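Peer 1: A single structure is presented below for examination.
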Amino acid sequence: MATHEDDAQQALPGTPPGTPAGGDGGTRRRPLREQHVEETVEVAVPVRTAYNQWTQFKSFPRFSGVVRDVAQVRPTVTVWTLGYGPLRRRFAVEIVEQDPDAYLAWRGLRQHPSHEGEVEFTPTRSGGTAITVRMLLEPRGAARALTRSGRVTRLAARLVRGELLHFKRFIEGLGQEGGAWRGTIRNGRVQHDHPEPPRSRVAHWPVG
Amino acid sequence: MQNPSGEEPETTLSVTPPKKWAAGVPAVVHALEYSLEQTSPKKTGVDLLTMNQVGGIDCPGCAWADPAPGERHRNEYCENGAKHINDEATTRRITADFFREHSVSDLAARSDMWLNQQGRLTEPMVKRPGSDHYEPITWDDALGVLARELKALASPDEAVFYTSGRASNEAAFVLQLFARAFGTNNLPDCSNMCHESSGFALSETLGTGKGTVSLDDLHHADLIFLVGQNPGTNHPRQLSALEEAKRNGGRIVAVNPLPEAGLRRFKNPQKPRGVIGRGTQIADRFLHIKPGGDLALFQALNRLLLEAEDARPGTVLDHGFIDAHTAGFEEFAAHARTVDWDDVHAATGLTREEIEKVRDEVLRSERVVVCWAMGITQHKHGVPTIREIVNFLMLRGNLGRAGTGACPVRGHSNVQGDRTMGIWEQMPDTFLDALRKEFGFDPPRPHGLDSVNAIKAMREGRVKVFLALAGNFVRAAPDSEVTEEAMRSCRLTAHISTKLNRSHTVCGDTALILPTLGRTERDVQADGEQFVTVENSMSEVHTSQGRLEPASPLLLSEVAILCRLARRTLDGKPDIPWETFEGDYGTIRDRISRVVAGFHDYNARVTRPGGFRLPNPVNEGVFPNKVGKALFTCNERVVPRAPQGHLLLQTLRSHDQWNTVPYTNNDRYRGIHGSRHVVLVNPADLTELGLAQGDRVDLVSVWADGTERRAENFEIVSYPAAKGSAAAYYPETNVLVPLDSVADISNQPTSKGIVVRLEPPRAAR
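Protein sequences appear in the order of chains A and B. Residue 102 in our numbering sits at position 102 of the first sequence; the count goes up by one each step and never skips. Residue 256 in our numbering sits at position 256 of the second sequence; the count goes up by one each step and never skips.
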């Protein structure tokens with residue numbers, strides 16, 4: 001798979017899995033108390049491989065049935081374009097927590113988030129990875145009434161499961177990740193124990 | 001609009017109530033009206049429909065970021081951008097006959113507006129020693145004259161190479177390379193006069209001189225501060241971002257000495273609600289602050305936040321961020337707690353209750369962005385003010401997270417990129433080492449001259465040759481009479497320009513006009529059609545490519561002029577492939593990719609739709625300053641005061657103006673029509689001074705050197721300026737800004753907070 005050069009620049013290959021990065025305290029993992037969707041799929045690649053590939057958000061359109069484009073504004077902010085047929089929906093997402101090889105939590109960047117979610121990566125006995133996605137949908141306006149319907153919730157769950165299965169086929173087919181971002185995010189902020197990660201090496205002098 | 005070939009129009013002032021909203025249908029009408037007066041409907045259409053589009057022209061009007069590709073409007077420009085681009089694409093031409101008809105003395109007596117209206121420069125011109133006329137000269141001879149003067153200097157440091165923010169990355173890189181290969185770091189730029197204070201304050205505290213936000217941050221902020229800026233006139237496309245923030249539920253606090261229309265309400269002409277509706281309210285809260293009171297305001301807010309934390313420990317400050325990523329908190333907190341409310345009131349004119357209401361807004365907001373512009377940077381205490389803003393952001397962890405950050409709003413479209421390319425008189429050794437490695441020569445290490453020091457050096461005879469890459473240095477610089485005297489003392493002045501301006505008329509013994517292609521025009525070189533690249537205020541690097549045929553076949557591009565000059569001047573030492581650079585700008589970008597951090601694979605990445613975004617260390621969790629952490633600072637309190645009978649003046653632009661160039665004598669948002677020789681004064685101050693609207697006065701500034709600086713014959717307009725302050729147009733009142741009146745640390749001229757008195761006109765006495 002082609003490596004997204006920006007993401008490759010982000011990679012901190014020396015960081016061991018799950019290294020606590022310190023920074024804004026320990027993990028603030030706050031599992032969703034309530035969710036509309038929870039789906040788990042096992043993939044036959046090690047946790048590190050599955051996690052690394054997952055961090056390559058810009059590659060999602062390669063396997064997804066609904067993701068048309070992902071722009072990475074910076075490590076904590078991505079802008080997603082979903083589409084089905086002629087319909088398009090664009091929204092920004094903030095990654096609020098991220099632990100390498102373990103966990104990632106996000107929320108929609110709106111005053112009142114329309115959704116938030118988390119994905120967990122758990123090693124299986126067979127050497128593979130169980131990927132669990134949980135999502136809480138909080139749409140506004142007319143769509144709010146729709147999510148109260150069990151049918152719509154089931155549809156969302158089916159969609160998430162379908163996407164997870166697409167990812168499974170993708171990463172199992174490739175066998176290895178096409179890039180990695182190994183940083184830690186706490187409270188929406190990147191943590192680094194490295195004094196000057198590659199991507200920060202830009203002009204530092206005053207700009208008038 | 002005046003007749004370009006006619007005489008200066010009579011100026012007759014009429015005043016109407018200030019507007020309560022910006023843009024809307026009138027903005028479209030005014031933009032089209034001006035555009036069609038300047039050029040043909042076809043050219044107007046080509047310009048406007050390719051402006052700020054992928055593969056099109058980057059608007060030279062300002063440095064505001066473009067929405068992502070696919071998210072842009074078909075008409076992705078503002079009124080001022082449309083005027084500016086078609087002002088450049090004008091069909092009017094200046095030929096040799098014009099200069100035969102008009103002597104340099106004649107042109108020096110003309111207004112900025114008249115000079116601009118004469119049209120595009122079409123062939124190289126020279127004013128020889130002792131002559132009062134420009135005459136045609138071939139490119140070969142023009143560059144020969146300049147090269148001979150440069151080579152004849154006793155030291156390379158007797159030359160100064162000025163850059164305006166219109167210059168592309170490629171031209172800027174070539175200019176700094178040439179200057180350093182020639183042997184000097186004398187590279188002043190327009191940044192010295194606009195956001196130098198931002199660069200110094202942010203570099204010291206955060207380790208990066210650039211703003212940390214993207215458009216997405218603005219769109220999703222809970223609270224946005226607009227401090228010392230006028231987006232309706234100077235950055236109109238910012239209003240679209242603010243509108244989106246409001247529609248997402250965000251709130252806005254505007255802080256300014258003048259209640260500008262664009263801070264109040266925005267009628268987006270691309271939306272039905274902006275055409276037939278009431279538009280979008282911008283500021284939820286307006287703080288009518290005294291000029292220079294912003295430092296005290298943020299100090300007061302910081303004290304209130306600390307006290308709120310005392311009252312409810314663990315709920316106000318972001319201790320996780322402060323403990324892990326910052327230094328100097330304890331000293332800062334102790335200092336902040338000593339803020340005196342009487343001082344705050346004296347400095348700001350605001351009550352404690354008003355500031356407490358803003359604190360409550362802050363406490364309700366998880367994500368805060370602070371935007372500022374020259375209403376902050378051009379004060380003597382501009383650097384401490386921005387440092388205090390950084391303190392404010394850090395207290396609640398409003399850095400490095402989505403929807404948060406520091407947003408210095410820059411003016412010229414590539415002012416940030418030019419700095420990134422090395423246009424700075426104090427470039428660090430890391431950059432100079434990279435130049436040495438790439439080009440095989442040892443760049444000079446001593447720091448060079450910035451704009452203020454360049455003027456001093458010219459005046460004292462230490463600089464003899466002045467070359468400007470675009471801009472209108474004489475009118476942008478402070479202390480106009482001193483600056484003009486300095487320019488006239490040069491042996492040679494040369495300007496790479498698209499249009500005529502006063503800097504061509506206030507010139508050295510020998511003067512050269514080197515006419516160049518505009519942004520709107522096709523740039524065809526030996527290797528084919530070229531594009532250039534620029535970096536906007538949000539660190540996005542992208543292409544710009546004009547579509548119009550050049551105004552004259554004799555025009556050379558900025559890159560071509562500089563490469564040819566370098567060949568003539570340096571005679572192959574060091575061995576730099578200037579000819580290759582001129583023929584294929586991609587070869588310049590290849591070199592940039594190896595010299596400037598963050599530009600790897602430049603040619604490949606910049607041609608993607610929308611280009612690429614340079615990472616910001618703060619958003620990567622890194623603070624590459626001296627302490628390696630975000631730095632809290634203790635800033636001494638400042639209470640700007642004017643003596644009895646005096647006011648604090650701020651210079652500002654009118655709505656119908658781009659930088660030093662007024663398009664008309666109108667400023668419709670402020671209700672000023674027909675004249676720029678006006679001074680806006682609070683009605684209560686007028687009463688105290690025994691003056692009234694319509695009175696004519698001279699503005700006289702007060703400075704320690706005792707020199708009288710006078711702007712003559714201005715008409716008073718009673719206006720809701722903050723009590724104790726006055727406002728008048730730039731560049732007409734630059735004459736009042738003493739050259740030695742600079743911001744602490746950044747050496748930026750202080751065009752705000754100038755102490756002035758209003759006297760009966762000298763001419764009438």
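The beta-carbon is built from N, C-alpha and C at its ideal position, and this holds for glycine as well. Note that the structure is predicted; figures quoted are calculated from it, not measured.
1) For a contact defined as C-beta to C-beta under 9 Å, what are the partners of residue 420(B) on chain A?
2) Using only alpha-carbon positions, find the residue among 66(A), 101(A), 172(A) and 155(A) that is nearest to residue 39(A).
3) Which value, in whole angstroms, describes the spacing of the CA atoms of residue 734(B) and residue 407(B)?
4) In chain order, which beta strand (DSSP E) runs of at least 3 residues are fully inside the segment 532 to 564 of chain B?
5) So with CB distances below 9 Å, who are the chain B contacts of residue 214(A)?
6) Please tell me whether residue 110(A) has its Cβ less than 8 Å away from any Cβ of chain B.
7) Using beta carbons (cut-off 8 Å, strictly below), is residue 247(A) in contact with chain B?
8) Quick check: what's the CA-CA separation for residue 36(B) versus residue 28(B)?
9) Rounded to whole angstroms, what's the CA-CA distance from residue 187(B) to residue 518(B)? Just pull it up for me.
10) Counting only Cβ pairs nearer than 7 Å, list the residues of chain B close to residue 162(A).
11) Taking 8 Å as the threshold (C-beta atoms), are residue 421(B) and residue 326(B) in contact?
12) If contacts are defined as beta-carbon pairs under 8 Å, then residue 237(B) and residue 78(B) qualify, I think. What distance do you get, rounded to the angstrom?
13) Closer than 8 Å, CB to CB, is residue 89(A) near chain B or not?
14) Cβ of residue 596(B) less than 8 Å from any chain A Cβ?
15) Can you list the alpha helix (DSSP H) stretches of 4 or more residues lying completely in the segment 19 to 79 of chain B, in chain order?
16) I'd like to know whether the C-beta atoms of residue 190(A) and residue 81(A) end up nearer to each other than 8 Å.
17) Would residue 62(A) pass as an interface residue toward chain B - the criterion being a Cβ-Cβ separation below 8 Å?
18) Specify, as a first and last residue, the run of the alpha helix (DSSP H) that residue 157(B) falls within.
19) Using a C-beta to C-beta distance shorter than 7 Å, which residues of chain B count as neighbours of residue 188(A)?
20) Would residue 245(B) and residue 283(B) be called neighbours here (beta carbons separated by less than 8 Å)?
21) Determine which residues of the segment 652 to 683 of chain B have a Cβ less than 7 Å from any Cβ of chain A, and write them out in chain order.
22) Please decide whether residue 182(A) counts as near chain B, where near means a Cβ-Cβ distance under 8 Å.
23) Indicate whether at least one CB of chain C lies closer than 8 Å to the CB of residue 86(A).
24) Using the C-alpha atoms, what's the distance from residue 759(B) back to residue 725(B)?
25) Count the other CB atoms within 10 Å of the CB of residue 140(B); is the residue buried (16 or more) or exposed (fewer)?
26) What residues match up with residue 118(A) in a beta bridge as DSSP calls it?
27) Identify each residue in the segment 180 to 198 of chain B for which the Cβ-Cβ distance to at least one residue of chain A is less than 9 Å, and report them in chain order.
28) Of all the options 24(B), 762(B) and 601(B), which has the alpha carbon lying nearest to the alpha carbon of residue 274(B)?
29) Chain A partners of residue 411(B), CB-CB under 7 Å?
30) At 7 Å on the CB atoms, spell out the chain B contacts of residue 249(A), in chain order.
31) Measure from the alpha carbon of residue 30(B) to the alpha carbon of each residue in 657(B), 712(B) and 568(B), then state which is nearest.
32) Consider the Cβ of residue 203(B): report whether some Cβ of chain A lies at a distance smaller than 8 Å.
33) So, is residue 276(B) buried or exposed, given that buried needs 16 or more other C-beta atoms within 10 angstroms?
34) Thinking just about the alpha-carbon of each residue, which of 65(B), 279(B), 18(B) and 16(B) is nearest to the one in residue 542(B)?
35) Pick from 203(B), 433(B) and 449(B): whose alpha carbon is nearest that of residue 442(B)?
36) Just checking, does the segment 180 to 200 of chain B make contact with the segment 552 to 565 of chain B on the three C-beta pairs under 8 Å criterion?
Peer 2: To lay it out plainly:
1) Near residue 420(B) (Cβ distances below 9 Å), the residues of chain A are 202, 203, 205 and 207.
2) Nearest option by C-alpha distance: 155(A).
3) 26 Å
4) Listed in chain order, the complete beta strand (DSSP E) runs (minimum 3 residues) inside the segment 532 to 564 of chain B are 532 to 535 and 540 to 544.
5) Absent from the model: residue 214(A). The displayed extent of chain A is 1 to 208, so no value can be given.
6) yes
7) This structure leaves residue 247(A) out entirely; chain A is present only between 1 and 208.
8) 12 Å
9) Distance between the alpha carbons of residue 187(B) and residue 518(B): 22 Å.
10) By Cβ distance, chain B contributes nothing, its closest Cβ being about 25 Å from residue 162(A), past 7 Å.
11) no
12) 5 Å
13) no
14) yes
15) 25 to 38 and 41 to 50
16) no
17) no
18) Note, residue 157(B): premise wrong, no alpha helix (DSSP H); not H, not E.
19) Those within 7 Å of residue 188(A) in chain B are 401 and 402.
20) no
21) Closer than 7 Å at the C-beta level to chain A, one finds no residue of the segment 652 to 683 of chain B.
22) no
23) Of the protein chains in the structure, A and B, none is chain C.
24) 16 Å
25) exposed
26) 105(A) and 134(A)
27) 189, 190, 191, 192, 193, 194, 195, 196, 197 and 198
28) 24(B)
29) Correct list: empty, because the minimum Cβ distance to chain A is about 10 Å.
30) Coverage of chain A is limited to positions 1 through 208, which leaves residue 249(A) absent and any answer about it impossible.
31) 657(B)
32) Cβ-Cβ to chain A under 8 Å: yes for residue 203(B).
33) exposed
34) 65(B)
35) Here the closest residue by C-alpha is 433(B).
36) no
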